[in-house]
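Student: Count along the sequence shown from 1, add 10, and you get the number used in this note's numbering.
Think of the CB as a built atom: it goes at the ideal place given N, C-alpha and C, for glycine as much as any other residue.
Small disclaimer: the values here were computed from a predicted structure and weren't measured.
First, the structure itself, so that you have it in front of you.
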Amino acid sequence: MNDVLQALKERFSMEPYARSLGIEVVKLEPGQATLKMKTQESMNNIFGSTHGAAIYSLLDAAFELTVNSHGTVAVALEVNVHYLSAVNSGEVLLAKGREVSRSRRISACEIQITGEDGRLVANCQTLAYRKKDPLPFL
11 MNDVLQALKE
21 RFSMEPYARS
31 LGIEVVKLEP
41 GQATLKMKTQ
51 ESMNNIFGST
61 HGAAIYSLLD
71 AAFELTVNSH
81 GTVAVALEVN
91 VHYLSAVNSG
101 EVLLAKGREV
111 SRSRRISACE
121 IQITGEDGRL
131 VANCQTLAYR
141 KKDPLPFL
């Protein structure tokens with residue numbers, strides 16, 4: 011793992027919001043990120059399944075690491091999520107983000123969330139604006 015990826019992974023591990031949800035980095039490469047999160051009862055909606063906001067948080071974390079993995083600041087322009095399957099409390103979700111296109115200013119990514127049984131829970135397409143600024147913690 012290069013210095014940029016190591017610094018990004020370390021910084022993410024200290025992010026209070028991600029820590030509160032138990033989101034962990036599984037793998038981080040340039041233009042790719044894999045994260046996991048064990049759902050908890052405290053994340054449930056009124057129907058007793060995991061709230062879409064908790065699933066979105068995992069998607070957003072994968073997006074954040076994927077687009078910032080090149081060492082410069084990238085910020086969200088658009089996020090389009092399709093929720094495809096309910097999630098039970100206690101299930102471990104896996105988020106895989108990958109950059110599908112990157113230009114000087116725009117990055118397009120796809121993030122997929124799968125359940126423990128391999129079913130597709132959510133699919134997401136994103137656009138990020140790539141600034142010239144280096145990540146501030148490098």
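Taking S111 as part of the beta strand (DSSP E), name the residues at either end of that continuous run.
Tutor: V102 to R112
Student: May I have the straight-line CA-CA distance separating R115 from V97, to the nearest angstrom?
Tutor: 35 Å
Student: Within the continuous alpha helix (DSSP H) that includes D70, where are the two ends?
Tutor: Per DSSP, D70 belongs to the alpha helix (DSSP H) from G62 to N78.
Student: Label S23 either buried or exposed according to how many other C-beta atoms from any shown protein chain fall within 10 Å of its C-beta, with 16 as the threshold for buried.
Tutor: Classification for S23: exposed.
Student: Could you give the residue range of the beta strand (DSSP E) that holds V97?
Tutor: Here V97 belongs to no beta strand (DSSP E), and DSSP marks it neither H nor E.
Student: So the candidates are M53, K48, M47 and G81; which of them puts its Cα closest to the Cα of D13?
Tutor: G81
Student: Between which two residues does the alpha helix (DSSP H) holding E20 run?
Tutor: It spans D13 to S23 - the alpha helix (DSSP H) in which E20 sits, taken as one unbroken run.
Student: Please classify R115: does DSSP put it in a helix, a strand, or coil?
Tutor: coil
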